[in-house]
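Step one of this worksheet: look at the structure below.
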Amino acid sequence: HDRMLWRRSILATECAGDVEKLHQEYPLTDDEAFVSTGKNVFKIDMLRAVYAPMVPEVGKLITRPNGRIEFLPDPDGPLKVYRRPAQDRRWGQYLIGGDPAFGGVAGDYSCAQIFNRQSWEQCAVFRARLDAASLCEEMVKLGKWYNDAMLAPEANKGGGAAVAVLKTRGYQNIYIHQSPGNIKGMLATNYGWVTNPQTKSEAVGNLQKALYDAAQPISQQRTL
């Protein structure tokens with residue numbers, strides 16, 4: 163009882179009624195202790211509403227002599243799979259975004275995220291110290307395994323080499339970004355995703371909207 167009164171007093175006096183700040187400064191659990199500080203792009207309560215922790219399968223993808231891509235369990239593998247590819251093999255069901263590292267094998271990690279384009283569910287994560295070209299080799303395997311998923315490597319700086327690898331491997335489903343061109347009335351088309359202030363704003367805005375929609379109760383979604 164005394165602790166409850168104390169927390170209510172701290173909430174009112176030191177945290178100005180902000181429950182998230184109370185959790186941040188005076189956590190009761192590990193989850194509360196890791197509340198992000200500062201101004202968040204995404205609301206914490208909405209993130210919690212759509213977050214469903216799962217234990218992934220850990221391993222790597224290998225290519226058999228017949229060209230078939232298979233998942234090989236490996237506790238030290240770079241691939242974490244939360245949801246395997248759907249068996250119905252619907253084309254375009256998955257999207258794979260790639261972020262090549264510019265420091266090579268001794269620098270930062272290169273990463274790829276695999277999403278279901280209909281549900282926005284995170285299906286898998288790839289993370290390894292690879293150069294851009296090698297990351298795209300892995301993305302091709304991931305794309306084939308995930309039912310010919312759309313591949314969208316970041317094309318900034320060294321990412322251009324990554325896009326070139328995809329083309330030379332003959333992979334057909336590559337994301338193409340369209341933007342106003344230098345000639346009036348014409349659109350410029352670029353393979354891969356180029357991150358700049360405009361595209362970052364677009365991406366964050368779309369993700370905020372998707373998060374908001376997913377966090378709403380089903381009954382409320384039907385009335386929107």
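Start counting the sequence shown at 163; every next residue gets the next number (the numbering used here).
Ideal Cβ placement from N, Cα and C applies to all residues, glycine included.
This one's a predicted model, so the numbers in the text were calculated from it and none came from an experiment.
For residue j and residue i, the rounded distance between their alpha carbons
| i | j | result |
| --- | --- | --- |
| W168 | A372 | 38 Å |
| Y244 | I206 | 22 Å |
| K183 | C285 | 32 Å |
| S281 | R289 | 23 Å |
| G367 | M208 | 15 Å |
| A248 | N309 | 8 Å |
| I224 | L234 | 7 Å |
| P240 | V220 | 7 Å |
| Y337 | A314 | 5 Å |
| D180 | R210 | 17 Å |
| C177 | E232 | 52 Å |
| A365 | E187 | 31 Å |
| R384 | C298 | With a pLDDT of 45 at R384, under the threshold of 50, the modelled position of that residue is not reliable, and the figure given next carries that caveat. Between R384 and C298, the C-alpha separation is close to 40 Å. |
| L386 | V217 | The pLDDT assigned to L386 is 45, lower than 50, so where the model puts this residue is not dependable; a value taken from the coordinates is nonetheless given after this. Each residue's alpha carbon lies about 34 Å from the other. |
Residue nearest to residue i in terms of C-alpha spacing, selected from the options
| i | options | result |
| --- | --- | --- |
| D236 | E316, R226, A174, K222 | K222 |
| W307 | D164, Y271, L292, L257 | L257 |
| K329 | E176, A295, P262, Y188 | A295 |
| G229 | P315, Q334, N278, V302 | V302 |
| Q255 | F277, K242, A263, C273 | F277 |
| A377 | A174, F204, A317, R279 | F204 |
Counterpart residues of residue i in DSSP-defined beta bridges
| i | result |
| --- | --- |
| I276 | I258, A286 |
| M312 | L257 |
| A168 | A small fix is needed here, since residue 168 is Trp in this sequence, not Ala. Partner(s): none; W168 has no beta bridge. |
| I338 | Y353 |
Short CB-CB distance (under 8 Å) between residue i and chain B
| i | result |
| --- | --- |
| K371 | Of the protein chains in the structure, only one exists, and it is not chain B. |
Local Cβ density within 10 Å of residue i, reported as buried at 16 or more and exposed below that
| i | result |
| --- | --- |
| R170 | exposed |
| M312 | buried |
| G332 | exposed |
| D270 | exposed |
| W355 | buried |
| E316 | buried |
| A274 | buried |
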